[in-house]
Each structure stands twice: as C-alpha cells, then as structure tokens.
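Q:
Residue numbers (the numbering used here): 312 to 529.
1) Select from 331, 342, 325 and 327 the residue whose C-alpha is nearest the C-alpha of residue 424.
2) Applying the criterion that 16 or more other CB atoms from any shown protein chain within 10 Å of the CB defines a buried residue, is residue 373 buried or exposed?
3) Indicate the three-state DSSP secondary structure (helix, strand or coil) for residue 361 in the structure shown.
4) Only counting the same chain, and skipping five residues up and downstream in sequence, which positions put a Cβ closer than 8 Å to that of residue 383?
5) Measure the Cβ-Cβ separation of residue 395 and residue 350 and say whether it is below 9 Å.
6) For residue 416, collect the residues of the same chain with a Cβ closer than 7 Å to its Cβ; drop the 5 residues on either side in sequence, then sort them by chain order.
7) Look at the alpha carbon of residue 432 and the alpha carbon of residue 412, and state the distance between them as a whole number of angstroms.
8) Tell me, please, which residues DSSP counts as bridged to residue 394.
9) Distance, Cα to Cα, residue 366 vs residue 426?
10) Identify the residues that DSSP records as bridge partners of residue 330: which are they?
11) Kindly indicate which three-state DSSP category residue 374 falls into: helix, strand or coil?
12) Whose C-beta lies closer than 6 Å to the C-beta of residue 285 among residues of the same chain, with five residues either side of it excluded?
13) Measure from the alpha carbon of residue 410 to the alpha carbon of each residue in 323, 348, 453 and 344, then state which is nearest.
14) Would you decide whether residue 362 is buried or exposed? Buried here means 16 or more other CB atoms lie within 10 Å of its CB.
15) Can you say whether residue 445 is buried or exposed, counting buried as having 16 or more other CB atoms within 10 angstroms of its CB?
16) So for residue 351, helix, strand or coil by DSSP?
17) For a quick check, are the C-beta atoms of residue 335 and residue 436 less than 9 Å apart?
18) DSSP state of residue 447, grouped into three classes?
19) Can you tell me where the alpha helix (DSSP H) holding residue 340 begins and where it ends?
20) Residue 508 lies in the alpha helix (DSSP H); which residues open and close that run?
21) Exposed or buried, what is residue 381 when buried is set at 16 or more other beta-carbons lying within 10 Å of its beta-carbon?
Following this line, the structure appears as structure tokens:
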C-alpha cells in the first residue's frame, strides 16, 4: 500500500545580510516547528560562519537569546527551544538577528502547503556570499581599504598582477592570495549549501565543526 503523504505547512523566509553592498541574501523553506536555536545555526550555515560569537534575535520587538556556543559557554534562554510557530508570525513580519557585529534581517514571505516529501530546511534562492567572518561586521568590511568593492575590480586587480609577475614573483603570489581571499565571498553556491543542509539533517551541534567548510567550499 502506498504511503499517504499529507500536506504540511512550510515557512518561506528571506534572509538578508545588512550593512554590506551588494547585500548577500538567501530564500529558505523551513518547518514551522524549527526552534530559534536551530534557526540560528541555519543562518550560520547559510552565511558560512562558524558560531564563534554571541547572537541575539529580535522578534516582535523583543530580544530573544539563544545558545552561546563558542563564546565562553552554552547559555540557553527559555525561548531558544521555542518553535517558530509559537511566535504567530504573519507574512511580511520581520525578525532581527545579530551575530557579533553582523546584522541580518529575516522576513516571513509566506506560509505554504507542500505535499512532496523532501529534506528540510532547503535553500531555494540566494545571491552573493557573505564577507569573511573575521572582518567583524558589515561596516568594518565596507570601510576596509583592501576590500574589493565590485566584481569587476577583480578583473582590474588581475590585470595589475600580470604586470607585477614580471617584476617580482614573490609579491605576485602574496597579492594573488589577497585577491582570492577578498573576492571569494562574492560567489554563492546554492547546491553546495543544500548538500550541507541535507547532510546535517538538523544534527546541528555535531555538524557545526564542518559548517564553515561546507558553506564556503573550503
């Protein structure tokens, strides 16, 4: 007898990194019973971060803390284990998320019924990778004189490097490393992210050691 699959609700979330231009964003489908703590770790995977600092959610204008793994302890507030559905979010409502100096805005785009079984959560859209976590914040990254401000600047830098290689091979190699480091964040691989989400299957704590490499392609 064929297994009967009943439609289930899914939240379509839009996640955008603030203070950075162009702004990295992700579109996600998640279960309503995903906890705040799991949502935090999902964002970490999506942005290629390593859960090394404090974090805070703001829901309905109120601060909601989750776990603080990697930041001197594993504090857990009462809200960290609450499912998203318990906050009665309506389409269009926003959630604030701070991670160290980084700021994200989450928006519930819609609640939808799905019938086909598949792994959850899943990323269905996105563009741009997040800047390197060690930059500290979006504002710090945007004011760094060494950053690459536009993808076309990579072409100009590579052209300059071709001139340098004939003069000083050592300087060429060092500058090439800088170009690669600053430009790689611009690329976002959705298939690779979904591969990491599929492998994790919400076993977040065990998966976080490898989350950064999965999300960035290291």
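Glycine residues also receive a C-beta, built at the ideal position from the N, C-alpha and C atoms.
A: A quick look at the data gives this:
1) Nearest neighbour of residue 424 by Cα position, chosen from 331, 342, 325 and 327, turns out to be 342.
2) Burial call: exposed.
3) For residue 361, the three-state secondary structure derived from DSSP is coil.
4) With a pLDDT of only 46 at residue 383, under the threshold of 50, the placement of this residue in the model should not be trusted, and no figure is reported.
5) Contact flag set, yes.
6) Closer than 7 Å at the Cβ level, and outside the excluded window around residue 416, lie 327, 329, 405 and 407.
7) Straight through space, the alpha carbons of residue 412 and residue 432 are spaced by roughly 26 Å.
8) Paired residues: 346.
9) Taking the straight line joining both Cα atoms gives about 34 Å.
10) Under DSSP, no beta-bridge partner is assigned to residue 330.
11) Annotated three-state conformation of residue 374 is strand, per DSSP.
12) Residue 285 cannot be examined here, being either before or after the span of the chain that is shown, 312 to 529.
13) Ranking the options by Cα distance to residue 410, first place goes to 348.
14) Its Cβ being crowded by 16 or more others within 10 Å, residue 362 is buried.
15) So residue 445 ends up on the exposed side.
16) The three-state reading of DSSP puts residue 351 in helix, counting H, G and I together.
17) Going by beta carbons, residue 335 and residue 436 fall outside the 9 Å limit.
18) Residue 447 falls in the coil class under three-state DSSP.
19) Note, residue 340: premise wrong, no alpha helix (DSSP H); beta strand (DSSP E) at 336-341.
20) First-last of the alpha helix (DSSP H) with residue 508: 501-511.
21) Residue confidence is low: residue 381 scores 47 on pLDDT, short of 50, so the model does not pin down where it sits. No coordinate-derived value is stated.
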